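Residue numbers (UniProt numbering): 1 to 207. Just so you know, even glycine gets a beta-carbon here, dropped at the ideal spot from N, CA and C. For clarity, every value in this text was computed on a predicted model and none was experimentally measured. Accompanying notes for the structure given below.
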Amino acid sequence: MPAKIAVIYYSMYGHIKQLASKAVEGAKTAGATVDLYQFPETLADDILGKMHAPPKDAAVPFITPNDLKEYDGFIFAFPTRYGRAVAQVSAFFDATGSLWATGALTGKFASTIVSTASQNGGQETTHLTTIPYFAHMGIIYVPIGYGDQNLLNLNEIHGGSPYGASTHAGGDGSRQPSELEKGVAEYQGKYFAGIVGTFVAGKAAAQ
Ligand SMILES: Cc1cc2nc3c(=O)[nH]c(=O)nc-3n(C[C@H](O)[C@H](O)[C@H](O)COP(=O)(O)O)c2cc1C
């Protein structure tokens with residue numbers, strides 16, 4: 001049975017959405033069944049308008065806490081707000097209390113993808129400050145290490161770290177994810193799906 005993976009993103013201006021889509025592609029090449037979701041929006045339409053946020057992609061469903069039970073692993077993708085995850089992600093995590101109470105996510109896997117405006121705007125802190133949620137849920141955190149050697153490239157400005165893929169949007173959002181950054185996101189999807197797939201196959205064989 002193939003691993004079931006949910007790639008769940010929040011993207012106000014589209015940068016993270018591009019990386020999430022590449023992670024979906026990568027996970028599929030590893031043989032996983034992959035579904036793409038969005039985190040629910042928490043801001044009112046007039047606020048989103050003032051922030052110049054384009055409309056959400058109506059083709060991508062919003063995740064609910066109970067949906068998480070159906071998957072072996074999650075790739076969570078979201079931008080930085082002040083060096084940590086957007087409040088939309090925290091609000092969703094806060095709504096998963098019944099999953100915590102029942103241990104419903106224990107033994108599942110997760111990996112993270114992030115974006116910031118600037119180079120030192122908090123990419124690693126955004127990955128790191130999300131890990132406590134995984135610990136409390138019993139979710140196994142999967143970093144990507146340096147398996148993609150492009151992470152060591154010093155010839156161009158790029159996101160991506162051992163914690164996961166990332167991009168720099170620029171202060172005005174005009175910078176788009178580079179080919180290198182999209183490649184790291186694809187690698188992350190494939191690598192993560194490989195880890196989860198190995199676990200799922202091993203568990204099935206042991207039963
Ligand atoms: C309220 C707010 C806080 C932000 N805080 C940071 C920050 O701490 N560091 C940074 O580099 N970028 C920061 N940004 C920029 C966002 O991270 C950037 O818009 C986002 O990564 C773009 O991704 P998206 O197109 O998927 O929404 C902030 C943006 C907003 C609206």
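Find out if the Cβ-Cβ distance for the pair residue i, residue j is shorter than 7 Å.
i	j	result
His15	Thr167	yes
Asn150	Leu128	no
Pro65	Leu99	yes
Arg145	Phe109	A small fix is needed here, since residue 145 is Gly in this sequence, not Arg. Against a cut-off of 7 Å, the Cβ pair of Phe109 and Gly145 comes out as no contact.
Glu186	Gly83	no
Ala201	Ala30	no
Ala59	Ile113	no
Phe92	Phe134	no
Tyr163	Pro177	no
Check each candidate in the options and name the one with the smallest Cα separation from residue i.
i	options	result
Ser90	Tyr10, His52, Ile144, Lys69	Tyr10
Ser174	Val60, Met1, Thr33, His52	His52
His158	Phe39, Gln123, Gly103	Gln123
Leu68	Ala6, Ile195, Thr80, Val200	Ala6
Glu41	Pro61, Asp172, Val34	Pro61
residue 276	Glu156, Ala77, Phe199	With the chain covering only 1 through 207, there is no way to say anything about residue 276.
Thr130	Asp172, Gly189, Ile75	Ile75
Ala169	Gln18, Val142, Ser161	Gln18
Thr80	Ser161, Ile195, Ala117, Ile63	Ala117
Ala104	Gly160, Phe199, Met137, Pro143	Met137
Ile140	Pro177, Ala87, Val196	Val196
Leu36	Leu43, Asp45, Ala95, Val24	Val24
Asn120	Ser161, Ser178, Val142, Thr102	Ser161
Ser111	Gly97, Ala44, Lys190, Met12	Lys190
Leu43	Met12, Asp57, Thr106	Met12
Applying the 10 Å Cβ sphere with the 16-neighbour rule, what's the burial state of residue i?
i	result
Ile47	exposed
Val1	Reading the sequence as shown, one finds Met at residue 1 and not Val. By the 10 Å Cβ count, Met1 comes out exposed.
Ala85	buried
Leu152	exposed
Pro54	exposed
Asp148	buried
Leu154	exposed
Ser115	buried
Gln88	buried
Ala32	buried
Ala3	buried
Which one or two residues does DSSP pair with residue i in a beta bridge?
i	result
His168	Thr116
Pro79	Ser115
Leu48	DSSP output for Leu48 lists no bridge partner at all.
Thr130	Answer is none; Thr130 lacks a bridge partner.
Asp35	Ala6
Tyr141	Ala110
Ala85	Thr80
Phe92	Answer is none; Phe92 lacks a bridge partner.
Name all residues in chain order for which at least one heavy atom of ligand 1 lies closer than 7 Å to the residue's CB.
The filter returns Ser11, Met12, Tyr13, Gly14, His15, Ile16, Lys17, Met51, Pro79, Thr80, Arg81, Tyr82, Gly83, Ser115, Thr116, Ala117, Ser118, Gly121, Gly122, Ala169, Gly173, in chain order.
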